[in-house]
Amino acid sequence: EDAYGEAMVTGVAALALYGFAAVGPLGALHRIDVLVPRTRRLRSARFVEVLRTAVMPRAVRVGEVPVAPVERALADAVAATAEAADVRRLL
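FYI, the numbering for the sequence shown is 44 to 134, going by the numbering used here.
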């Protein structure tokens, strides 16, 4: 089991924690995606969106926060992005 438990920040919020200039500061985001194992019975609430996965990646610690690896965070961010221009901006 990962030392950080069974949840980690992913998507655009994770990219903000990594310092990706294209996404801006974490505080400006309207949603934070949290990756959890598929078997966890957690629900999304307010500004937190729960994303389930069959295979959890190993978390990376950014400060004190468990964060998905850059590749996974980027994949989740792209999957949640509808506009092609926004996808290009992330990549």
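For glycine and all other residues, C-beta sits at the position ideal for the given N, C-alpha and C.
- Item | Whole-Å CB distance - L94 paired with V77, under 8 Å assumed | Position 51 of the sequence shown, counted from the first residue, corresponds to residue 94. Position 34 of the sequence shown, counted from the first residue, corresponds to residue 77. L94 to V77, Cβ: 7 Å. Contact.
- Item | Same chain, Cβ closer than 6 Å to P112, neighbours up to 5 away in sequence not counted | The count along the sequence shown starts at 1 and reaches residue 112 at position 69. Beyond the five residues adjoining it in sequence on each side, P112 comes within less than 6 Å, by CB distance, of P100 and V103 in the same chain, given in chain order.
- According to the Cβ coordinates, are A65 and R115 closer than 9 Å? Here residue 65 corresponds to residue number 22 of the sequence shown, with the count starting at 1. Here residue 115 corresponds to residue number 72 of the sequence shown, with the count starting at 1. In terms of Cβ geometry, A65 and R115 do not form a close pair [threshold 9 Å].
- Can you have a look at A59 and say buried or exposed, based on whether 16 or more other CB atoms are within 10 angstroms of its CB? Within the sequence shown, the letter at position 16 stands for residue 59. Buried, since its Cβ has 16 or more Cβ neighbours within 10 Å.
- So, helix, strand or coil for R86, using DSSP? Along the sequence shown, read from residue 1 onward, the residue named residue 86 stands at position 43. Under the three-state reduction of DSSP, R86 is assigned to coil, being neither helix nor strand.
- Given a threshold of 16 other Cβ atoms within 10 Å of its Cβ, counted over all protein chains shown, does A57 qualify as buried or as exposed? Residue numbering aside, residue 57 sits at position 14 when the sequence shown is read from its first letter. A57 comes out buried.
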